[in-house]
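I have placed the structure first, in the form of structure tokens, so that the comments after it can refer back to it.
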Amino acid sequence: MNRLSLVDFPDKLCMNLIVPGCNYRCSFCPHEQLIHHHIPMPKIGMAEIVKLLRPRMGFLDGVSLGGGEPFLHRGLGSFLSEMRFQNIKVRIKTNASRPGAIQWVLDEKLIDFLSVFIPAPLSKYADVVNYRIDPKDVRRSIQIVRKSNVAHEFRVKPVPGLVEQEDILEIANTLSGSRRLVIERFDPSHTLDPEICGSDVFSQSELEDIRDSTSPYFGEVILSN
Ligand code: SF4
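Taking this note's numbering, the leading residue of the sequence shown gets 7, the next gets one more, and so forth.
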């Protein structure tokens, strides 16, 4: 848990909560501990989270829930309901693998912002995430999020040799007409696959090229810090 974050919930000051476990195995994943071991991680109960949040609500806008993949957790619904009961806004970062769960939290009006990470173009999705997923599920998640009234963004991560500029353009084409794209930076010092640890990154000017080439597809494109 990171008690204060200025960057996770756009335009909001939030508490950042992280859940363990992910169904994907992206080789560039920076959360090796989270997705493999599930421990050591401190477990924080709902009552404790609410206790931490209440006195801070004067200056905090809400919580950001990431991971890992929050939609894998059975307790997510009761957590979100409690946040609603406490009048606390919630942002979730998801990998788009569970369209049914995304639809459910939208129908129940349990979230305020969705960040949807699209690790690869649909044509090479399974190869990048190292998980057998039907690309139709990802496409459905994208459609559900785009049709919703909830504020949202899509996120991508260019990685030399794995997710190239043309791959980002293919993703942009799939997401064309969406409000916002965030281009995340690959951190080669923390990777799930040791073989790509320390490998090359795209330079600032290459990332700016990617940003500029994807700009026509979105309302705004942001290069993360
Ligand atoms: S979807 Fe995110 S958390 Fe899951 S393996 Fe990929 S980078 Fe890691």
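No residue lacks a Cβ here, since even glycine has one placed at the ideal position from N, Cα and C.
Mapping DSSP to helix, strand and coil, what is His-79?
coil
Kindly confirm or deny that the region 151-170 and the region 47-57 touch, where touching means at least three C-beta pairs closer than 8 angstroms.
no
Residues bridged to Leu-213 (per DSSP)
Partner(s): none; Leu-213 has no beta bridge.
Alpha carbon to alpha carbon, what distance is there between Ile-228 and Lys-18?
16 angstroms
What do you get for Arg-138, buried or exposed, if any count of 16 or more other CB atoms within 10 angstroms of its CB means buried?
exposed
Nearest neighbour of Ile-94, chosen from Arg-62, Leu-128 and Leu-120 [CA to CA]:
Arg-62
Tell me whether the region 74-85 and the region 96-116 touch, counting them as touching only if at least three CB pairs, one residue from each stretch, are closer than 8 angstroms.
yes
Ile-177 - containing alpha helix (DSSP H), residue span
171-180
Close beta carbons around Leu-213, own chain, < 8 angstroms, minus the five adjacent residues each side:
Pro-164, Ile-189, Arg-191 and Leu-229
DSSP has Arg-97 in a bridge; who is on the other side?
Ser-70 and Phe-119
Output yes or no for whether 8 angstroms exceeds the beta carbon distance between Val-122 and Val-151.
yes
Between His-196, Ser-219, Thr-220 and Arg-217, which lies nearest to Arg-33 when the distance is taken from Cα to Cα?
A quick correction: the sequence has Ser, not Arg, at residue 33. It is His-196.
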